[in-house]
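Note sheet for the following structure.
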Amino acid sequence: MRPEQRTSFARYRHSLWLLTQRDLRVRYSTSLLGYFWSILDPLVMAGIYWFVFTQVFQRTVGNEPYIVFLLSALLPWMWFNGTVSDCTRAFLREAKLIRSTRIPRTIWVNRLVLSKGIEFVASIPVLLLFALISGAELSAGAALFALAILLQTILTAGIGLIVAPLVVFFRDLERAVKLILRFLFYASPIIYGTADLPTELQFWAGFNPLSGLFSLYRAAFFPEQLDWNLVLISALMSVLFLVAGLVVFTRTERAVLKEI
1 MRPEQRTSFA RYRHSLWLLT QRDLRVRYST SLLGYFWSIL DPLVMAGIYW FVFTQVFQRT
61 VGNEPYIVFL LSALLPWMWF NGTVSDCTRA FLREAKLIRS TRIPRTIWVN RLVLSKGIEF
121 VASIPVLLLF ALISGAELSA GAALFALAIL LQTILTAGIG LIVAPLVVFF RDLERAVKLI
181 LRFLFYASPI IYGTADLPTE LQFWAGFNPL SGLFSLYRAA FFPEQLDWNL VLISALMSVL
241 FLVAGLVVFT RTERAVLKEI
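Residue 62 in full-length UniProt numbering sits at position 62 of the sequence shown, and the numbers go up by one each step.
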């Protein structure tokens, strides 16, 4: 089918896929290890936290096997963190191309969500390998993985649509986002579970949309980690962030094009 015969949605989807492919090729074309770099960072981080909490302090957090507990939240965190970080440069890095094309500008955010999401999906076999080695059993909660991916896509896209245009006007926001992400890493149940927090903090932790998402991911190996109240809050907040992102993006799009 020729481009002019496609629906607007089909053209958008085709352009999104082409840009995503370009991102992945550019990212790994000059890399000797290629795909392995996308999983090396979370593996090193997981190894460090596993050593610190189980060998040095011998403190019990989360569930056993702890390495699987870590990776089941750390891998989706890398998707979230990488996408939001890259969104701070989404318009500034591609300014000339954005000005010279007429495709919907949301695509410059969504391509980052998709490319990082593909890297996350490609890292799932690593999680399964560690689960096999450590003897973690796969439960029926693995069926919730798809729901977790859907909610995280909505949440990440919504935040990206807020961050990307605002950074154009407030350049200091790029550094602020990095600081917020660093804080959010420790404020999210990654190296610990929500149940490990003091009772008075568990209520506030529930308003972190990542808490419910990580609860869904971990349910594949640790069914007791699943908390439907957290999942419901995460789902509502993800939709709210998406709506807010679309509103912010729509109202700032023309000003962004003039600014870049």
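Glycine included, each C-beta is placed from N, C-alpha and C at the ideal position. Owing to the predicted nature of the structure, the values given are computational and were not obtained by experimental measurement.
- In the three-state scheme derived from DSSP, where H, G and I count as helix and E and B as strand, Phe222 is classed as coil.
- When DSSP states are grouped into helix, strand and coil, Asn110 belongs to the helix group.
- Within the region 154–191, the runs of alpha helix (DSSP H) that reach at least 4 residues and sit entirely inside it are, in chain order, 173–187.
- In the structure shown, the three-state DSSP call for Phe36 is helix.
- With fewer than 16 other Cβ atoms inside 10 Å of its own Cβ, Ala10 counts as exposed.
- Using a Cβ-Cβ distance cut-off of 8 Å, the region 65–76 and the region 213–232 are in contact, since at least three pairs of beta carbons, one from each stretch, lie closer than that value.
- Around the beta-carbon of Lys96, fewer than 16 other beta-carbon atoms lie within 10 Å, marking it exposed.
- Annotated three-state conformation of Arg99 is helix, per DSSP.
- The three-state secondary structure of Ile233, taken from DSSP, is helix.
- Under the criterion of beta carbons closer than 8 Å, Ile159 and Phe241 qualify as touching, at roughly 6 Å.
- Contact fails between the region 37–52 and the region 133–142, because fewer than three Cβ pairs, one in each stretch, are under 8 Å apart.
- In the structure shown, the three-state DSSP call for Ser123 is helix.
- Straight-line measurement puts the Cα of Leu112 at about 11 Å from the Cα of Glu119.
- Using a Cβ distance threshold of 8 Å, Gly193 and Asn229 do not count as a contacting pair.
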